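Step one of this worksheet: look at the structure below.
Number of protein chains: 2
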Amino acid sequence: MRMRTCVSSMAAGSSMEWLKSVKGVILDMCGVLYDSGEGGGQAIHGSIEAVKRLMDSGLIVRFCTNETQNTREKFVQKLRAMGFDISVSHVFSPAPALVRILRERRLRPHLLVHDDLMPEFDDVDTSSPNCVVIGDAADKFSYQNLNEAFRVLIGLEKPLLFSLGQGRYYKETDGLKLDVGVFMKALEYACDVQAEVVGKPSADFFQTVLNDMSLQPHEAVMIGDDLLNDVGGAQRCGMKGIQVRTGKYRPSDEKHPSVRADGYVDDLAAATDAILTNH
Amino acid sequence: MRMRTCVSSMAAGSSMEWLKSVKGVILDMCGVLYDSGEGGGQAIHGSIEAVKRLMDSGLIVRFCTNETQNTREKFVQKLRAMGFDISVSHVFSPAPALVRILRERRLRPHLLVHDDLMPEFDDVDTSSPNCVVIGDAADKFSYQNLNEAFRVLIGLEKPLLFSLGQGRYYKETDGLKLDVGVFMKALEYACDVQAEVVGKPSADFFQTVLNDMSLQPHEAVMIGDDLLNDVGGAQRCGMKGIQVRTGKYRPSDEKHPSVRADGYVDDLAAATDAILTNH
């Protein structure tokens, strides 16, 4: 039945013959594999099986998330508990990518991130900070903490701000929550700087995943529920992008004035059907 | 000695002959009349006498502030205690201006403002809010309060956000503090809206002061320490603008790429000398 729906929406939309040349698949996680919520959330119907089918098909599969409320290890543990057979080394999240950047550029950050993300920075020198890093700190975004980050930033000869993602808001069981991008804009305005975004939709971030897959951009497809950060970001790197109608998807996404996905499908199961049919 | 300094800087800078046609003076308060700090701050040397001389000269004098951490009454009380002979009806601040707008447009605000400003809104209906108002709420800008304001805003059919000023930061005795504009930018990004700014540099706000003075813009001069919000804002309304080298003034202001004051003077006493000499 889902197969039929998928074929029908493919017929109605653009053909996905381009899938023939695809050798690798990058999957967004929240809103594609699972819905967040109480107790960590739950798998989206059919997605556990879909991930398994993609992996068994011989395609190279990687996972790409902007999750910054947890270490990558804890996050993967949660997904494994839901039934997903995922290994930590195949998951790309902003914090480990930022730690590499900090090391390469010999930067010492002032951190305004979620307490549960702190272990990612265990080996990072945070003395005499020469940059500021913000993640989705949620309740830790107090006036005092934000002001402290601002004072570090404005006190630098050349203020340098890193933001782990640039999301506006997300949905939790008790309603909408402000995301890190909102506080990035606040600090950008305060100090008249532009933040360096680490995570989707940064081209560097997608490129790291492609490097790990040993693929050229045109050989990979990104599947996500976020039209701008997943699909648009991947397309700017030369990849194809498919949007699923789960998670934060809204019908208005299909009429977006500047970003158009290479395919719209009902969910990851339908995306997998389309990929394996055309492969 | 100050007189000589003033004449000397006038000679070095542009001539201020245009002051001949000026019938009214609008004074910024913090940074021009007084410096904020512990115990409410202290008068800037010579400013109490300068205000008196301007008033005694027959010029129409009004005061214009973006202060939103206090009611107008409490604020004027503080200035009077410092020695300024100022009456409440001559002081224009954002909150009373906003209350008039809310009444005219029949709006019911969700308020995220300083506790000490709340009495300004005693007569305002805040049930079933159809807009959001933010002021310099300082410590009240917690994640929870900001998220609450965001949820009200995003829940409106047409999100409407008012900001009492748009300052980036200000200086207190214990260091720099984030101002309301930073949180305005945060909510603007979260909801993809543009805030209506009430207070300087809003043209409507300056026009209210001019109406009260019964003057045309070219008949009035604004004196302030903030190049963009005081001088630039007044100039965009057709007024002249003088910047004083006190308060938040920085030498780099005199080389600003887009805003140039009609005169730069050391302080309010020097500005008064120039006005009364040319008048």
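Which chain is which? The protein sequence lines are C and F, in order. If you read the first sequence in the numbering used here, its first letter stands for residue 1027, the second for the next number, and so on. If you read the second sequence in the numbering used here, its first letter stands for residue 1027, the second for the next number, and so on. In this text, a Cβ means the ideal position worked out from N, Cα and C, and glycines have one as well. As the structure is a prediction and not an experimental result, all values here were calculated from the model.
**Message:** Taking 7 Å as the cut-off, is the beta-carbon of GLU1245(F) closer than that to any non-hydrogen atom of the ligand FMN?
**Reply:** With respect to small molecules bound, the structure shown includes none, and the ligand FMN cannot be examined in it.
Looking at C-alpha atoms only, which residue of LYS1266(C), VAL1219(C), ALA1229(C), LYS1049(C) is the closest neighbour of VAL1158(C)? For the purposes of this step, residue 1158(C) is taken as residue 132 along the first sequence, with counting starting at 1. The residue with the shortest Cα to Cα distance from VAL1158(C) is VAL1219(C).
Do ARG1088(F) and ILE1127(F) have their C-beta atoms within less than 8 Å of each other?
-> Sequence index remark: in the second sequence, residue 1088(F) carries index 62 (1-based). Sequence index remark: in the second sequence, residue 1127(F) carries index 101 (1-based). Result no, Cβ atoms of ARG1088(F) and ILE1127(F) do not sit closer than 8 Å.
*Close-in-space but distant-in-sequence residues of the same chain around LYS1197(F) (CB under 6 Å, 5 per side omitted)*: For the purposes of this step, residue 1197(F) is identified with residue 171 of the second sequence, where counting begins at 1. Once the five neighbours on either side are set aside, LYS1197(F) has no close Cβ partner at all.
* CYS1032(C), DSSP secondary structure in three states -> Sequence index remark: in the first sequence, residue 1032(C) carries index 6 (1-based). With a pLDDT of 39 at CYS1032(C), under the threshold of 50, the modelled position of that residue is not reliable, and the figure given next carries that caveat. In the structure shown, CYS1032(C) sits in a helix (DSSP, three-state: H, G or I).
Report, in whole angstroms, the separation of the C-beta atoms of ARG1134(F) and THR1152(F), which I expect to be a contact under 8 Å.
In the second sequence, residue 1134(F) corresponds to position 108, counting from 1. In the second sequence, residue 1152(F) corresponds to position 126, counting from 1. So it is a contact: roughly 6 Å between Cβ atoms.
### Message
Below 8 Å on C-beta distance, what does PHE1209(C) contact in chain F?
### Response
Along the first sequence, read from residue 1 onward, the residue named residue 1209(C) stands at position 183. Result: ALA1212.
Would you list, in sequence order, the uninterrupted beta strand (DSSP E) runs of no fewer than 3 residues that lie entirely inside the stretch 1207-1255 of chain C?
1222-1224, 1246-1250
| message | Using C-beta distances below 6 Å, list every residue in its chain close to GLY1225(F), excluding the 5 sequence neighbours before and after it, in chain order. | response | To locate residue 1225(F), count along the second sequence from 1; it is residue 199. ASN1092, PRO1120, LEU1190, GLY1191, PHE1231, listed in sequence order.
Going by DSSP, what residues sit across from SER1189(F) in a beta bridge?
As a working mapping, residue 1189(F) is identified with position 163 in the second sequence. According to DSSP, which records beta bridges pairwise, SER1189(F) is partnered with ILE1160(F), VAL1223(F).
Can you give, in chain order, each stretch of the alpha helix (DSSP H) that sits fully within the stretch 1078-1133 of chain F and has at least 4 residues?
1098-1108, 1120-1130
- Straight-line CA distance for GLY1109(C) to LEU1254(F)? Residue numbering aside, residue 1109(C) sits at position 83 when the first sequence is read from its first letter. Residue numbering aside, residue 1254(F) sits at position 228 when the second sequence is read from its first letter. When rounded, the distance between both Cα atoms is 57 Å.
Q) If you check the beta carbons only, do ILE1268(C) and ALA1229(C) fall under 8 Å apart? A) Along the first sequence, one-based indexing puts residue 1268(C) at 242. Along the first sequence, one-based indexing puts residue 1229(C) at 203. No. Outside cutoff.
**Prompt:** Got a sec: is the Cβ-Cβ distance from GLY1259(C) to anything in chain F below 8 Å?
**Reply:** Numbered from 1 along the first sequence, position 233 holds the residue referred to as residue 1259(C). Not an interface residue.
Review point. Quick one: which chain F residues come within Cβ less than 7 Å of ARG1177(C)?
Key: For this step, residue 1177(C) is matched to residue 151 along the first sequence. The answer, in chain order, is GLY1201, LEU1202.
Please return the same chain residues whose Cβ sits closer than 6 Å to the Cβ of LEU1045(F), not counting the five positions on each side in sequence. Taking the first residue of the second sequence as 1, we reach residue 1045(F) at position 19. Excluding positions up to five away in sequence, the list reads ILE1301, ASN1304.
**Prompt:** Of all Cβ atoms in chain C, is any one closer than 8 Å to the Cβ of PHE1167(F)?
**Reply:** Along the second sequence, one-based indexing puts residue 1167(F) at 141. It does: the Cβ of PHE1167(F) has a partner Cβ on chain C nearer than 8 Å.
- prompt: How would you list, in chain order, the residues of chain F whose beta-carbon sits under 8 Å from the beta-carbon of TYR1195(C)?
  reply: By one-based count along the first sequence, residue 1195(C) stands at place 169. What TYR1195(C) touches in chain F: PHE1176, ILE1180, ALA1216.
Notebook entry, point to check: By the 10 Å Cβ neighbour count, where 16 or more other Cβ atoms means buried, how is GLY1084(C) classified, buried or exposed?
Noted result: As a working mapping, residue 1084(C) is identified with position 58 in the first sequence. Exposed.
- Note down, in chain order, each residue of its chain lying with its Cβ closer than 6 Å to the Cβ of LEU1204(C), except the 5 sequence neighbours on either side. Looking up residue 1204(C) in the first sequence gives position 178. Cβ neighbours of LEU1204(C) beyond the five flanking positions: TYR1195.
Check for me: the alpha helix (DSSP H) holding ILE1180(F) runs from which residue to which? Stepping through the second sequence from its first residue, residue 1180(F) is reached at position 154. Start and end: 1169-1180.
(Q) Distance cutoff 8 Å, beta carbons only. Does ASN1173(C) sit that close to anything in chain F? (A) The sequence position of residue 1173(C) within the first sequence is 147, counting from 1. Taking Cβ atoms only, chain F reaches closer than 8 Å to ASN1173(C), which makes this a yes.
Problem - Other residues of its chain near VAL1223(C): CB distance less than 6 Å, five sequence neighbours each side excluded - result: Looking up residue 1223(C) in the first sequence gives position 197. Correct list, in chain order: SER1189, GLN1192.
- Task: Output yes if chain C places a C-beta closer than 8 Å to the C-beta of ALA1221(F); else output no.
- Result: The sequence position of residue 1221(F) within the second sequence is 195, counting from 1. No - not a single Cβ of chain C is within 8 Å of the one on ALA1221(F).
Original post:
Three-state secondary structure (DSSP) at ASP1061(F)?
Top reply: Here residue 1061(F) refers to the residue found at position 35 of the second sequence. Note: ASP1061(F) maps to strand in three-state DSSP.
Mind checking who PRO1135(F) pairs with in its DSSP beta bridge? The residue given as residue 1135(F) occupies position 109 in the second sequence. Answer is CYS1157(F), bridged to PRO1135(F).
- Query: Given a threshold of 16 other Cβ atoms within 10 Å of its Cβ, counted over all protein chains shown, does ALA1107(F) qualify as buried or as exposed?
  - Reply: Locating residue 1107(F) in the second sequence gives position 81, where the first residue counts as 1. Under this definition ALA1107(F) is an exposed residue.
Review point. Under the three-state reduction of DSSP, which class applies to VAL1150(C): helix, strand or coil?
Key: Position 124 of the first sequence, counted from the start, is the residue given in the question as residue 1150(C). Coil at VAL1150(C), not helix or strand.
* **Selection from VAL1285(C), VAL1270(C), PHE1118(C), CYS1263(C) that minimises the alpha carbon distance to ILE1070(C)** => For the purposes of this step, residue 1070(C) is taken as the residue at position 44 of the first sequence. The shortest Cα separation from ILE1070(C) among VAL1285(C), VAL1270(C), PHE1118(C), CYS1263(C) belongs to VAL1270(C).
8 Å Cβ cut-off: residues of chain F touching ALA1164(C) = Taking the first residue of the first sequence as 1, we reach residue 1164(C) at position 138. By Cβ distance, chain F contributes TYR1169.
Note to self: Once the 5 residues before and after ASN1171(C) are set aside, which same chain residues still bring their CB inside 8 Å of it?
What the structure shows: For the purposes of this step, residue 1171(C) is identified with residue 145 of the first sequence, where counting begins at 1. Once the five neighbours on either side are set aside, the close Cβ partners of ASN1171(C) are LEU1138, ALA1163.
Exercise. Leaving out five residues before and five after SER1047(C) in sequence, what residues of the same chain have Cβ atoms less than 8 Å from its Cβ?
Worked result: Here residue 1047(C) refers to the residue found at position 21 of the first sequence. The residues are HIS1244, GLU1245.
Item to complete: Quick one: using the 10 Å Cβ neighbour count with 16 as the cut-off for buried, is LYS1281(F) buried or exposed?
Response: Walking along the second sequence from the start, residue 1281(F) turns up at place 255. With fewer than 16 other Cβ atoms within 10 Å, it is exposed.
Check: Taking the continuous alpha helix (DSSP H) assigned at PHE1301(C), which residues delimit it?
Finding: Residue 1301(C) sits at position 275 when you count from the first residue of the first sequence. The amino acid at residue 1301(C) is misidentified as Phe; the sequence shows Ile. It spans 1294-1304 - the alpha helix (DSSP H) in which ILE1301(C) sits, taken as one unbroken run.
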